[in-house]
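Residue numbers (the UniProt record's numbering), protein chains in the order written: chain A, 1 to 213; chain B, 1 to 195; chain C, 1 to 200; chain D, 1 to 221.
By construction, the Cβ of each residue, glycine as well, lies at the ideal position given by its N, Cα and C atoms.
The following block contains the structure:
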């Protein structure tokens, strides 16, 4: 079954986007946007849609299969982008305060996050803080302590991680320190401890050393 | 039971046990705001008393306690407001499009304003990513191009994503394109029947 | 459980009480004490205070914090003897979250962290078994004994199991109406609009 | 619908599995399919072709092909797998989407298993394999060891397929996360900030003019 990659006629990017989606779903905070990967699939979907609207005749027997595949790809793209937006909802304040996390968003996502945060702040001012008596005009601004409240406290979490390349000694951050990780191993570990593996591309910019399962 | 104000936590507890959000409770929110104001005013007046001394623990303990109590109450109120917003967005994401009237009826005017403004932010994002992908109301992955549905109760005419108008008469069955069927099923207007 | 629901739970857990003993008098705090009279809170007054308050008063050396009864010797012995059967919900709804806070505020009580961790671990195993066997219903009334943290975990465990079984039964592809809408509709049918359902 | 890490419906694993390449024997003629996932075909009656499973199943529903079962889904292979699974403590290495592909084929391509009895034995063997692995999983997850090699050990989960992990993922990760909070590594420099040191609202007072008050209090400490 691991024959996907061996077949020159098969586009690996589809499987890789599926994995990117699973990674995003499992990771407790936002991962870098898979610009290249998602871009390729978006482009291919566009080309295929064009073909359906143009050169392909209405009675072509392949049409229902093309359409079903398009539905599948659109679903995958939607699921991936949607997961990121929902995550941005949850962590918007944290992300915007951290240049590192913010750099993982697309321009459209940053705009979304900023728009969303503004709305939340306006709402909290209108329905809570702005209604409180205070001897200072500044009370209409969210105080740092209010912000602290809106930052989810559990940034880290436990994840299941599969090692896809021999990783050598890896520090798992627990009392025992490091462990030798081989291809195929599965660890349950803090996300922060395996995040570097997840984000490290192979030597030639190939697939990452680990994936979340 | 000591006399620590409890209106804010009552609001939170009500929210916590609700399947979506409880009816917005303006009276209690106002009561909570008054409680915070009162304690805060008191704390400030204590600090300005002639007898107040910041070397005297009998005074600083009073200030510490009062500040803590209203800070906590304030945090609860903010949590009440923002957690309700999260539920509004949750529903928006689940059904796509405008919130159903039954749900809107539970919200405050400010929350309705938020819901509409949030629609705008979301629409802007979805416009920017192109491809016309609607990211909300994503149901389970597609198996077939068409989905069989059954109308439970008559619900008048609905306009499908494809622009077609469909009359929803009780007990009728339809075979719809997935994109057309999904929002109707999620909104509970029709039921999905599997072959 | 979203991060926002977690925020609400965290705030409510901060309201759980711990016994405090005031180390000196305090002006205007008499109202905190049901048994006291007057405006001044007496030195040596023993009052149960919410954790958010107790922790700050402790930081300022205004109070001593004692171990609440729900983490007392009786509970500890029961948890050591048979962790599964202890009803933690009755002891304290936020037993573990509150326990962690209490442990912070009573560093001299060295036994507490281990009691909490051992109890959680043993009870986790029990929940694991129930989740993995996916038996319907509630064998042995487990859910009534769980603290808030546990019951959230247990529910997600059962939900995962049921989702898997639904898939095996060929039901996973079925799309269903959104719960939040169903509840609001039902509610609307029962209560006239604009009327709060809040109990007085 | 809000974001909860690791919450993936089982149906989505079936969706991922449907991209697995399988061999079909079509009974129709179709030109090459130029799809996003790759080029497949052309198709001629009785000439075997490699295609994604979802496409094979779409043809199958229209009775336009038979699907060649993957070798691991034969009675002999499954019997061997089951024996090994019973014999060893470790999990056998299975194809990524072992359970999903088997499930789909049994549901939608049952006649390709030969006779009804074969399909039935395959079903029985699969159920046994699932049960044995499930029991092992239960044992592994019950043996919580913090420290040593990661939270649960490095090698003992080796061989589990994603759908099996998914079955208890949110419960397991949530419980292990809580255990980690309750039992921070003794010698480790775990960040005390993780356990809400100064209440939930940081050190800053909420109101700007309360800072003066707060400063009054800080001076005394």
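Closest residue to residue i among the options (Cα-Cα distance)
i, options, result
"residue 100(D)", "118(D), 71(D), 87(D) and 53(D)", "53(D)"
"residue 82(D)", "18(D), 183(D), 24(D) and 129(D)", "129(D)"
"residue 66(D)", "135(D), 86(D), 85(D) and 45(D)", "45(D)"
"residue 15(A)", "19(D), 74(D) and 14(D)", "19(D)"
"residue 38(B)", "74(B), 144(B) and 27(B)", "74(B)"
"residue 14(C)", "153(C), 90(C) and 56(C)", "56(C)"
"residue 154(B)", "190(B), 165(B), 124(B) and 76(B)", "190(B)"
"residue 81(A)", "187(A), 41(A) and 9(A)", "41(A)"
"residue 73(D)", "159(D), 125(D) and 171(D)", "125(D)"
"residue 235(C)", "149(C), 186(C), 41(C) and 177(C)", "The question about residue 235(C) has no answer, for chain C in this structure spans 1 to 200."
"residue 32(D)", "43(D), 24(D), 25(D) and 22(D)", "43(D)"
"residue 145(B)", "164(B), 178(B), 165(B) and 94(B)", "178(B)"
"residue 175(C)", "11(D), 30(D) and 64(D)", "11(D)"
"residue 161(B)", "139(B), 176(B), 143(B) and 168(B)", "176(B)"
Burial state of residue i, where buried means 16 or more other Cβ atoms lie within 10 Å
i, result
"residue 87(C)", "exposed"
"residue 126(C)", "buried"
"residue 177(D)", "buried"
"residue 133(D)", "buried"
"residue 137(B)", "buried"
"residue 72(B)", "buried"
"residue 167(D)", "buried"
"residue 169(C)", "exposed"
"residue 144(C)", "exposed"
"residue 86(D)", "exposed"
"residue 47(A)", "exposed"
"residue 62(D)", "exposed"
"residue 165(B)", "exposed"
"residue 171(B)", "exposed"
"residue 184(D)", "buried"
"residue 47(D)", "exposed"
Beta-carbon neighbours of residue i, restricted to chain A and to distances below 9 Å
i, result
"residue 142(B)", "68, 71, 72, 74 and 75"
"residue 49(B)", "Simply none; closest approach about 17 Å."
"residue 162(D)", "22, 160, 162 and 213"
Min CB distance residue i to chain A below 8 Å
i, result
"residue 21(D)", "yes"
"residue 114(B)", "yes"
Listed by chain order, chain B residues near residue i by CB distance under 9 Å
i, result
"residue 2(D)", "86, 87, 89, 90 and 93"
Proximity test, Cβ basis, 8 Å: residue i and chain B
i, result
"residue 9(D)", "yes"
"residue 157(C)", "no"
"residue 33(A)", "no"
"residue 180(C)", "yes"
"residue 194(A)", "no"
"residue 176(A)", "Bear in mind that a pLDDT of 47 at residue 176(A), under 50, signals an unreliable position, so the number given afterwards is only what the model happens to contain. Output row for residue 176(A): interface = no."
Proximal chain A residues relative to residue i, where beta-carbon distance stays under 8 Å
i, result
"residue 81(B)", "123, 124, 127 and 128"
"residue 138(B)", "75, 78, 79 and 82"
Interface partners of residue i on chain C, CB under 7 Å
i, result
"residue 62(B)", "26, 27, 28 and 29"
"residue 62(D)", "None at all; the shortest Cβ gap to chain C is about 18 Å."
"residue 110(B)", "Residues of chain C passing the Cβ test: none, with the nearest at roughly 16 Å."
Chain B residues whose Cβ lies nearer than 7 Å to that of residue i
i, result
"residue 15(D)", "141"
"residue 12(D)", "141"
Within chain B, the residues that residue i reaches when beta carbons sit closer than 8 Å
i, result
"residue 133(A)", "37, 40 and 41"
"residue 64(A)", "145"
8 Å Cβ cutoff, residue i in contact with chain C
i, result
"residue 89(D)", "no"
"residue 192(B)", "yes"
"residue 171(B)", "no"
Proximal residues of chain D, C-beta to C-beta of residue i below 8 Å
i, result
"residue 131(C)", "168 and 171"
Contacts that residue i makes with chain C (C-beta to C-beta distance below 8 Å)
i, result
"residue 107(D)", "170"
"residue 98(D)", "Going along chain C, no residue has its Cβ under 8 Å from residue 98(D), so there is no contact; the nearest lies around 14 Å."
Interface partners of residue i on chain D, CB under 9 Å
i, result
"residue 36(A)", "Result: empty, since nearest Cβ-Cβ is about 15 Å, beyond 9 Å."
"residue 41(A)", "36"
"residue 96(A)", "Those within 9 Å of residue 96(A) in chain D number zero; the least Cβ separation is about 17 Å."
Closer than 7 Å at the beta carbon, the chain D residues around residue i
i, result
"residue 15(A)", "19"
C-beta neighbour in chain D for residue i, strict 8 Å
i, result
"residue 28(A)", "yes"
"residue 185(A)", "yes"
"residue 121(C)", "yes"
"residue 6(C)", "no"
Chain-ordered neighbours of residue i on chain C, where CB pairs are closer than 9 Å
i, result
"residue 5(B)", "The premise fails here: residue 5(B) is roughly 11 Å from chain C at the closest Cβ pair, so nothing lies under 9 Å."
Please list the residues of the stretch 174–186 of chain B that have a C-beta atom closer than 7 Å to any C-beta atom in chain A, keeping them in chain order.
178
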